[in-house]
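The block underneath contains the structure these notes are about, expressed in structure tokens.
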Amino acid sequence: MISTNDFGNLFTKMQQKYGKKLHRSDQLKPAFCGMRAALFPALIANLALGTVAQAEIKAPQPDFEEYLVAPVHVHLLVTPGELNLSTTLKAGDIERIFSKVNRIWGHAAIHLPVTQLITEPAANPVLYRQNHRSRNLKWLLGIRPEKTIAKECFHLYYIKRFAANGVYIGGDGMFVKDLARLRGVENGVDEPIPRVTSHEIGHAFTLRHRQDITNLMASGTSGWTLNAKEIHQARTAGGKLKWIRTAPAILKEADALYEKGDKKAAAALYQLIASIPLNCPETSRATRRATE
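Counting along the sequence shown from 1, when you hit position 111 you're at 126 in my numbering, and nothing is skipped either side.
Pasting the structure below:
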């Protein structure tokens, strides 16, 4: 348990980081002491990672021409009457989470745009009640609503709680819990969910667990780095999936549609590459045309 003194110190750090001035009266309000919404996720992330110094994920260095693009459908499972099967994450949280996911995977020149964000109840909630303490997590596949399982993309499901931080059961079955907790390492990711999400995606690219605590594929730490061998392995695995395309190929098709006047179809393709974490002419053009 964190002490009252440590809690207060973390609260003060969040005030300084986010430029918010809080008063004692704010701390006495309901909903976990009434911390303002802008501060609360960041404070909880610090608590979940302990007090080890975290750092911003370094900006990726690859060129636009190197990028592979792997679409992701994100499922927010919100199940009436089942708190443990109901994530509290919202669209804004997913945007923040995947901005960090894509900074991590950008070092392998792999981009993961969220092409669908689906809020839906879990199927077969009884499976949770029967299996929630089991370390064999394959039962989670049974809570996926079948009608929203599409092909040619990865599927990530967020729920409140289960017996691990996250699990990869297949490209159409990756699960991450809201209450993930990690052991902080120096210069690690500053909140658990983006790191756990990135870790499970690593399994989708055939990567296995490692012992190096600063590595993305280490179990239970905030480390996010990938070595050259892992980058090569992940890109090789991604290249074998026909639905994972190169960024230049997507841009070429989008430009052709745009020039023909089919701006709606072009915009859907531009959106796949607009959020690649690079400041370059290609992403600038995609960003501009995606909203026309």
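Ideal Cβ positions, reconstructed from N, Cα and C, are used throughout, including at glycine.
Relative to the Cα of THR298, the nearest Cα in the group TYR285, ARG250, ASN230 belongs to TYR285. Looking at the DSSP output, THR261 shares a beta bridge with LEU83.
The segment 125 to 142 and the segment 77 to 89 touch, with three or more beta-carbon pairs separated by less than 8 Å. The closest CA to that of THR221, considering only ASP227, LYS255, GLY203, ARG198, is found on LYS255.
In this structure, DSSP gives HIS122 a helical state, which the three-state scheme calls helix. Between the segment 148 to 157 and the segment 195 to 212, the count of Cβ pairs shorter than 8 Å is below three; the stretches do not touch.
In this chain, the alpha helix (DSSP H) harbouring GLN248 covers 243 to 254.
Taking 8 Å as the upper bound for CB-CB distance, THR302 and ALA283 are not in contact here, some 14 Å apart. Listed in chain order, the beta strand (DSSP E) elements of length 3 or more contained wholly in the segment 175 to 240 are 181 to 185, 188 to 192. Taking PRO263 as the centre and dropping the five residues before and after it, the same chain places the C-beta of GLU80 closer than 6 Å to its C-beta, in chain order. Residue pairing by DSSP places HIS147 in no beta bridge whatsoever. Looking only at ALA280, PRO75, ASN99, the smallest Cα-Cα distance to LYS192 is reached by ASN99. Collapsing the DSSP output to three states places GLN76 in coil. Distance check between PRO160 and each of PHE169, VAL211, ASN139 places ASN139 closest, using alpha-carbon atoms only. Going by DSSP, GLU297 is part of the alpha helix (DSSP H) stretching over 296 to 305. For the pair of segments examined, the segment 233 to 251 was found not to touch the segment 269 to 276: the number of CB pairs separated by less than 8 Å stays below three. Ranked by how close their Cα comes to the Cα of GLY186, the residues ILE216, GLU97, THR306 have ILE216 in first place. Proximity to ARG176 across LEU91, GLY276, ASN202 peaks at LEU91, based on C-alpha coordinates.
Secondary structure of THR103 (DSSP, three-state): coil. For the set SER101, ILE246, ASP205, VAL200, the Cα lying nearest the Cα of HIS218 is the one of ILE246. Boundaries of the alpha helix (DSSP H) harbouring LEU284: 278 to 289, taken from the DSSP string. In the DSSP assignment, VAL93 falls outside any beta strand (DSSP E) and carries neither an H nor an E.
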